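Colleague:
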Amino acid sequence: MAAPQDQRIAVPIDDPNADTEWNDILRKHGVIPEKPPSPTPMIEEAIQEARRLAYNNRLEGKDLDELDELEDEEDEEFLEKYRQQRLRELSGLRKKSKYGAVYPLTKPEYSREVTEASLEGPVFVNLTSSLGTNIESRVLTELWRQAAQEYGDVKFCEMRASQAIEGYPERNCPTILVYSKGDITMQIITLMTVGGVRMSMTDLDKLLIEAGAIRDSDMRVMKRMRDAEEAAEEKITNKGIRSSSDRPKQNDDDDDGWD
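When we follow UniProt numbering, the leftmost residue of the sequence shown carries the number 1, and every step to the right adds one.
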């Protein structure tokens, strides 16, 4: 005896998310699920909110001189609010600023100047190369000096790796050690993961933020980020202008032979 044939009718389904009359019938009878809501309104709302926040925070990271330059463009009351906020921030930084330079280390004072000092806040140690040919070490030494001057509230130290650890491999220089509460909380060997020979203050800012030495809302960080963004935009604009000027000009005499 032949097996009974399946009497069910195959329902043709193309794109279950398409807006068709047939799909509406299938959804009504539960054959296909309801069409998911369009993400477009949520995306548009998120974009609008981002624009609103960007506008409201347009003065974040600007220093006092930059705020003064906006007197003719911004509401005076709104501008004054940021002036006072910036003055409070500067006053707070001055009170906390007690370093301001890179501390050279020797072995006898390492425990006091680094381990014990880290009980009050993160301490950053640069183990440098003893060879002048180590470019990464030279790059970090220069950034260390700039950061120590700019972030006087953070302690930056420096010591030759060979003096700190006998037999320390030259290939591991420079090495960054971050101490906090008496322990090493971060160790970076060479600059390979933080920009290499192209490491910049922006990269160092990220390291300071990650270590908890400064906040990402720090006015010094925000100003550098804004300056970097403006420089990138200017570079793109100038590149576009150069590309346009490099195009071959059409010779007005090309049609002279058609008379």
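Every residue, glycine too, gets a C-beta built ideally from N, C-alpha and C.
Computed from a predicted structure; not experimentally measured.
My assumption, with CB atoms under 8 Å, is that residue 114 sits in contact with residue 157. Please give the rounded CB distance.
Modeller: Looking up residue 114 in the sequence shown gives position 114. Looking up residue 157 in the sequence shown gives position 157. Sure, about 6 Å apart at Cβ, within 8 Å.
Colleague: Report the residue from 197, 198, 201, 210 whose alpha carbon sits nearest the alpha carbon of residue 187.
Modeller: Along the sequence shown, read from residue 1 onward, the residue named residue 187 stands at position 187. The candidate whose alpha carbon is nearest that of residue 187 is 210.
Colleague: Output needed for residue 154: all residues of its chain with C-beta closer than 6 Å, excluding positions within five of it in sequence on either side, in chain order.
Modeller: In the sequence shown, the residue the question calls residue 154 occupies position 154. 213.
Colleague: Where does residue 165 fall in DSSP's three states?
Modeller: Residue mapping note: residue 165 aligns to position 165 of the sequence shown, counting from 1. In the structure shown, residue 165 sits in coil (DSSP, three-state: anything other than H, G, I, E or B).
Colleague: At the level of alpha carbons, what is the spacing between residue 227 and residue 239?
Modeller: Within the sequence shown, residue 227 is the residue found at index 227, counting from 1. Within the sequence shown, residue 239 is the residue found at index 239, counting from 1. Approximately 18 Å between the Cα atoms of the pair.
Colleague: Considering only C-alpha positions, which residue in the set 131, 198, 183 is nearest to residue 172?
Modeller: One-based indexing of the sequence shown puts residue 172 at position 172. Ranking 131, 198, 183 by Cα distance to residue 172 puts 131 first.
Colleague: Mind checking which residues open and close the beta strand (DSSP E) that includes residue 183?
Modeller: As a position in the sequence shown, residue 183 is number 183, starting the count at 1. Residues 183–189.
Colleague: Contact check, residue 174 vs residue 118 under 8 Å by CB: the rounded distance?
Modeller: As a first step, residue 174 is located in the sequence shown; it is residue number 174 there, counting from the start. As a first step, residue 118 is located in the sequence shown; it is residue number 118 there, counting from the start. That belief does not hold up - the Cβ atoms of residue 174 and residue 118 are roughly 19 Å apart, past 8 Å.
Colleague: Looking only at its chain, what residues have a beta carbon closer than 7 Å to the beta carbon of residue 144, apart from the 5 residues adjacent to it on each side?
Modeller: Reading the sequence shown from its first residue, position 144 is the one you call residue 144. Contacts found: 102, 126, 156, 158.
Colleague: Taking 7 Å as the threshold (C-beta atoms), are residue 203 and residue 197 in contact?
Modeller: By 1-based counting over the sequence shown, the position of residue 197 is 197. By 1-based counting over the sequence shown, the position of residue 203 is 203. Going by C-beta atoms, residue 197 is not nearer than 7 Å to residue 203.
Colleague: Could you check what DSSP says for residue 34 in three-state terms: helix, strand or coil?
Modeller: Here residue 34 corresponds to residue number 34 of the sequence shown, with the count starting at 1. Correct three-state label for residue 34: coil.
Colleague: Residue 214 by DSSP, collapsed to three states: which one?
Modeller: Along the sequence shown, read from residue 1 onward, the residue named residue 214 stands at position 214. In this structure, residue 214 counts as coil in the three-state DSSP scheme.
Colleague: For the beta strand (DSSP E) containing residue 151, name the first residue and the last one.
Modeller: Counting from one through the sequence shown, the residue named residue 151 turns up at place 151. Note, residue 151: premise wrong, no beta strand (DSSP E); not H, not E.
Colleague: Are residue 27 and residue 21 closer than 7 Å when you measure CB to CB?
Modeller: Taking the sequence shown and counting its residues from 1, one reaches residue 27 at position 27. Taking the sequence shown and counting its residues from 1, one reaches residue 21 at position 21. Not a contact, by the Cβ cut-off of 7 Å.
Colleague: Do you know how far the Cα of residue 180 is from the Cα of residue 161?
Modeller: As a working note, residue 161 is residue 161 in the sequence shown. As a working note, residue 180 is residue 180 in the sequence shown. Looking at the two C-alpha atoms, the distance is approximately 20 Å.
Colleague: Given a cut-off of 7 Å, decide if residue 108 and residue 178 are closer than it, judged by their beta-carbon atoms.
Modeller: For this step, residue 178 is matched to residue 178 along the sequence shown. For this step, residue 108 is matched to residue 108 along the sequence shown. Not in contact: residue 178 and residue 108 (Cβ atoms no closer than 7 Å).
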